[in-house]
């Protein structure tokens, strides 16, 4: 009983959010075409560009495959089996979210210098980004109706084939959504690949800024990333199919039965242990080593506390604004089919694979020209977080709203509520746990953000990430370690809550 | 329509209303003082800039970042920039701004403090501290130290060289070679170096450590890494030695960290004072002591032990603004399979 | 007055697949009409258009003379004053029963009183503080009705509201809903595919077929005088017998039957057609040489009555007969058959 077309009052704020997300694209168009289409085309079609594109796609393919393997296996083990300590493992599986890719890469690289290049980048990126797959898949596995699996088993299909043919199919949209975030994360990552000295497309864009001081080549290359993102989002939308995901039928959901692991418990525990050790224990251990190497001179608790407070503040503001903007987009994307809804979602994602520097420069461009009072003030930084991380929140909110039966919104409208109030009074409270999860995730990624923060922060302001950058810039790893540790500890809190969250 | 959007309008209104309050509380940057964009690391220059603030008697706001990224930011900001001064890690970023006409001509008395080869030919930026490309070698493994980077392409150096091809200072050196000796000669040299299978490291410190540990025999680095290591570990504990190349060899390039005044600056006289402060004896000594770089202002000499005087060096003569043509260097390094 | 008037309603989702084609329907003020049709007939689409969730391609919807959908007019759902009671109630799980009922009440002053009034009306006084999941299915459905009625809507739409209830409860809830609707005097439209529900609950039954109203009338009318054999079969068990009609009497394999509308069937012009009989119009008799006879092939016992299936001589379809308890025929018994009452001849 959903209207065929999204009401204007919902569409308008959603379009506003979409337009904000499209700002970097407008900037890229201006800069890329500054010297004519031919010049831009020439840059995009060099052999080197194609090579970098191939490398980025290769890295993204390997990382997303590995993330799907890690994410789905851990999700299934923790959500659907009698794995001993499942609750603990499910928290541990989300903790890597708290670890910035540059910290993970640094830990691996300093421990195993030979790990540089493709393998090192793939390892570091996989171990920090698999929770993007783990979280939605685990939530789906906990929420799905076990009746389907039971029917499959009763039809003579064995447990493994039932998993492949029924369960895996049911988690496909969740896994695809998470996988998309992983791919975009890999495409936009600069920290890990530069520490691992592996030249990717994004690193090419950074190098272009540093080498030529000419923004046209970097913009032309960025446009390629945008096109790639749009294609990927379209592919992901197709994997969703036409099925609705809200639970049909009233009453409380049946408690999902757990598969008995039996003797397989030992290898299952070993697998969880190995992943956790590599993704959480190892980088924390490396940090511990540097912390221990420090002394009182490198240890400034007052400054650390102040920086942590500032970081929490801007990340919270970023998460709040991103969530508010993502709500109408997520609601439209979840509830309405059609070109407008589709375009909106595409718009939200369009800039997500762009390196932070490009997004930051686009906001520098617009703010310096059209919103100067905001320039290098907190609102602009918070706005940059919203542009960068809108898809993270949209994905979570869209999934959460899909879980809430749309008939309730129809009833609310028939009782005289306008669309925005329906969103506020019915949809959001129903989808609240999922919306909160999206906000928490956004909060974590805002805390870790570096390149846009460096360019757009109010002059003199420091976050944990910028302090980390400053200290490692002079090789003061012992002085950097407390900031890295604080960043991880603070980001671990929402990550922990995400791990505990049951959809 | 108005009341339909009420929640959004009120949120926006609240934000707009809070903004001046926050500004009044001093939450945001103070508009009045001098604003510096610094591509040099905060850990390195903050103590000096604190002294600058005291000396100027006005507030100094500093924005730290990567030199190249700050240059890109300054170019996007154009005339609207709040920055008065750009403190850059290298000459290339300053050259790029100069080329786009973003910098103001400096006062002649200021320019006169530094030798012409360490400042812009357009007189719109000036070097503050200098660093020299050198060879670091392991004395036990290298009985005859080469006199030129051109020697390194000889077969005797196969598998013995360490370098940091992704590092900006190595790339600046290659750019210098291109400017000094031409594209073809540089390409040939890079091919020859590559044929000797040099060991690539992430940065100069790694190269020096590798030389010191004897993992490679010789390495291409900046001079101050060695002096910092000596200061940290003591002269007796550093095995590696330095070779300052003679005869204007491109391998002896002197690059500078410098400063320029932005076109949008509304505090020209304060900015001039700030540049003069950076060239004062106090600041120059600070760079010499803290970073082991060469002070560039005339009349100031480094007190770092064993550091050869600046005017004794036989650096190649080059317009440092031309180090801005890094793109071609990168293409060449790529063709050689180094990055 | 709140009469619902629908004229020429047309809706196609894709070109070529028309769901509604020129549907007309009038529901008088204060009455409860049932829209009865098989799945896919367009009844859900009709409901969504009336509620304002779908825009019709053509046609108008007016309630009490106020145009809700029409040429150039498309009021949003929240401005239509139409209450809906969805399948399974769809109570807001995050709100208490009282807050569910009060959801549509914007006037703060009378809210409390109106809520109590409605909970009382649906027999759930004192349940206001409970949460929806603490109620049984039937109770949830009553709250859903109270919630729909609270803002005094011009029209209430009920979308198969009793589907999820078990059969014992269904009759009770149905009766309560009817009583509540009567008490408030609201005009109501009940969408269902269950003919028993339509006949027993509504004042008016509209049978939908292929996007049009095939027949609209009182339950008795539709049951007893279906316009054609399809409707006859859809609204109840029907025995369709080939017949020849002469002088107001039709002759069938089960004997002769008086026609309700004998006009045109004179001795000179016998007409061929189909006669419709309901199972309760047949009676078992002692088998004699003069009466039609059959053999019992199945007995389905329901308690209060039973359905007997007979194989009848000279008739190639089985015949169902409803007999009251105590049921005596046994499988394989031979029996005679007699027709009671009148019938209609369909061409």
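Residue numbers (this note's numbering), protein chains in the order written: chain A, 488 to 990; chain B, 285 to 623; chain C, 902 to 1248.
The C-beta atom is built at its ideal place from N, Cα and C for all residues, glycine as well.
Option in 398/B, 353/B, 380/B with minimal Cα separation from residue 564/B: Along the second chain, read from residue 1 onward, the residue named residue 564/B stands at position 280. Nearest C-alpha to residue 564/B: 398/B.
Can you tell which of 359/B, 591/B, 338/B has the C-alpha that lies nearest to the C-alpha of residue 510/B? Locating residue 510/B in the second chain gives position 226, where the first residue counts as 1. Taking only the C-alpha atoms, the option nearest residue 510/B is 591/B.
Listed from N- to C-terminal order along the chain, which residues in the stretch 966-986 of chain C have their beta-carbon within a distance smaller than 9 Å of any beta-carbon of chain A? 977, 978, 979, 980, 981, 982, 983, 984, 985, 986
Taking 9 Å as the CB-CB limit, is residue 364/B close to chain A? Taking the second chain and counting its residues from 1, one reaches residue 364/B at position 80. Yes - at least one Cβ of chain A is within 9 Å of the one on residue 364/B.
Reduced DSSP secondary structure (H/G/I, E/B, other) of residue 367/B: Sequence index remark: in the second chain, residue 367/B carries index 83 (1-based). Three-state DSSP puts residue 367/B in coil, outside helix and strand.
State yes or no: is the C-beta of residue 413/B within less than 9 Å of the C-beta of residue 540/B? On the second chain, residue 413/B is found 129 positions in, with the first residue counted as 1. On the second chain, residue 540/B is found 256 positions in, with the first residue counted as 1. For residue 413/B and residue 540/B, yes; Cβs fall inside 9 Å.
Where does residue 554/A fall in DSSP's three states? On the first chain, position 67 is the one that residue 554/A refers to. In this structure, residue 554/A counts as helix in the three-state DSSP scheme.
Hey, would you say residue 711/A sits closer than 9 Å to residue 540/A, going by beta carbons? Counting from one through the first chain, the residue named residue 711/A turns up at place 224. Counting from one through the first chain, the residue named residue 540/A turns up at place 53. Yes, Cβ-Cβ distance for residue 711/A and residue 540/A is below 9 Å.
Integer-rounded CB distance, given that residue 587/A should sit under 8 Å from residue 974/A: Walking along the first chain from the start, residue 974/A turns up at place 487. Walking along the first chain from the start, residue 587/A turns up at place 100. Sure, about 7 Å apart at Cβ, within 8 Å.
Using a Cβ-Cβ distance under 9 Å, would residue 1005/C count as near chain A? If you number the third chain from 1, residue 1005/C lands on position 104. So yes, residue 1005/C belongs to the interface.
Kindly indicate which three-state DSSP category residue 1147/C falls into: helix, strand or coil? Here residue 1147/C refers to the residue found at position 246 of the third chain. Strand, per DSSP.
Contacts that residue 821/A makes with chain F (C-beta to C-beta distance below 7 Å): Among the protein chains of the structure shown, namely A, B and C, there is no chain F.
Taking only runs that begin and end inside the stretch 941-970 of chain C, name each unbroken alpha helix (DSSP H) of 4 or more residues, in chain order. 944-952
In angstroms with no decimal places, state the Cα-to-Cα distance between residue 346/B and residue 329/B. Numbered from 1 along the second chain, position 62 holds the residue referred to as residue 346/B. Numbered from 1 along the second chain, position 45 holds the residue referred to as residue 329/B. Straight-line Cα distance between these residues: approximately 10 Å.
For residue 547/A, which residues from the same chain have a beta carbon less than 7 Å from its beta carbon, with the 5 sequence-adjacent residues on both sides left out? Working through the first chain from its first residue, we reach residue 547/A at position 60. So the list reads 670, 673, 674, once near-sequence residues are dropped.
Beta-carbon neighbours of residue 969/A, restricted to chain C and to distances below 8 Å: Along the first chain, read from residue 1 onward, the residue named residue 969/A stands at position 482. By Cβ distance, chain C contributes nothing, its closest Cβ being about 43 Å from residue 969/A, past 8 Å.
Got a sec? Which residues, its chain only, sit under 8 Å from residue 1066/C by beta carbon, not counting five neighbours each side? Here residue 1066/C is taken as the residue at index 165 of the third chain, counted from 1. The residues are 1038, 1039, 1042, 1074.
Grouping DSSP H, G and I as helix and E and B as strand, with all else coil, what is residue 1208/C? By one-based count along the third chain, residue 1208/C stands at place 307. Strand at residue 1208/C.
Mind reading off the beta-carbon distance from residue 508/A to residue 801/A? Whole number of angstroms is fine, and I expect it under 8 Å. For the purposes of this step, residue 508/A is taken as residue 21 along the first chain, with counting starting at 1. For the purposes of this step, residue 801/A is taken as residue 314 along the first chain, with counting starting at 1. In fact, because the Cβ distance is near 19 Å, the residues do not count as touching under 8 Å.
Are the C-beta of residue 361/B and some C-beta of chain A separated by less than 9 Å? The residue given as residue 361/B occupies position 77 in the second chain. Yes, residue 361/B counts as interfacial toward chain A.
CB residue 407/B to CB residue 441/B, shorter than 9 Å? Here the question's residue 407/B lines up with position 123 in the second chain. Here the question's residue 441/B lines up with position 157 in the second chain. Cβ atoms of residue 407/B and residue 441/B: not closer than 9 Å.
Residue 363/B classed as buried or exposed, judged by whether at least 16 other C-beta atoms fall within 10 angstroms: The sequence position of residue 363/B within the second chain is 79, counting from 1. Its Cβ having fewer than 16 others within 10 Å, residue 363/B is exposed.
Measuring only the C-alpha atoms, how far is residue 892/A from residue 994/C? As a working mapping, residue 892/A is identified with position 405 in the first chain. As a working mapping, residue 994/C is identified with position 93 in the third chain. Going by the C-alpha atoms only, they are around 10 Å apart.
Short CB-CB distance (under 9 Å) between residue 953/A and chain B: For the purposes of this step, residue 953/A is identified with residue 466 of the first chain, where counting begins at 1. At least one chain B Cβ lies under 9 Å of residue 953/A.
Between 1155/C, 1110/C, 1241/C, which lies nearest to residue 1261/C when the distance is taken from Cα to Cα? Outside the displayed range of chain C (902 to 1248) lies residue 1261/C, so it cannot be described from this structure.
I want to see whether chain C comes within less than 9 Å of residue 921/A, judged by CB atoms only; does it? As a first step, residue 921/A must be located in the first chain, where it is residue number 434. Residue 921/A does not count as touching chain C.
My understanding is that residue 719/A touches residue 531/A, with C-beta atoms under 8 Å, so please give their C-beta distance in whole angstroms. Working through the first chain from its first residue, we reach residue 719/A at position 232. Working through the first chain from its first residue, we reach residue 531/A at position 44. Residue 719/A to residue 531/A, Cβ: 18 Å. No contact.
Cβ neighbour criterion (16 or more within 10 Å) applied to residue 792/A: Counting from one through the first chain, the residue named residue 792/A turns up at place 305. Residue 792/A is exposed by the Cβ-count criterion.
Contacts of residue 991/C in chain A (Cβ-Cβ under 7 Å): Taking the first residue of the third chain as 1, we reach residue 991/C at position 90. Near residue 991/C (Cβ distances below 7 Å), the residues of chain A are 892, 894, 895, 898.
Can you look up residue 601/B in the DSSP assignment and give me helix, strand or coil? Along the second chain, one-based indexing puts residue 601/B at 317. Looking at residue 601/B - three-state DSSP - the assignment turns out to be coil, as it is neither helix nor strand.
Going by CA-CA distance only, name the one from 405/B, 497/B, 390/B that's closest to residue 559/B. Position 275 of the second chain, counted from the first residue, corresponds to residue 559/B. Considering only alpha carbons, the answer is 390/B.
Compute the distance between the beta-carbons of residue 534/B and residue 465/B, then report whether it is under 9 Å. For this step, residue 534/B is matched to residue 250 along the second chain. For this step, residue 465/B is matched to residue 181 along the second chain. Result yes, Cβ atoms of residue 534/B and residue 465/B sit closer than 9 Å.
Endpoints, the alpha helix (DSSP H) within which residue 793/A is located: Here residue 793/A corresponds to residue number 306 of the first chain, with the count starting at 1. First-last of the alpha helix (DSSP H) with residue 793/A: 788-822.
Closer than 7 Å between beta carbons: that is the criterion. Which residues of the stretch 901-922 of chain A meet it against chain C? 901, 902, 903, 904, 905, 913, 916, 917
Using a C-beta cutoff of 9 Å, does residue 1063/C count as contacting chain A? Numbered from 1 along the third chain, position 162 holds the residue referred to as residue 1063/C. Not one chain A Cβ lies under 9 Å of residue 1063/C.
Every unbroken alpha helix (DSSP H) within the stretch 373-443 of chain B, with a cutoff of 4 residues, ordered by chain: 375-383, 392-395
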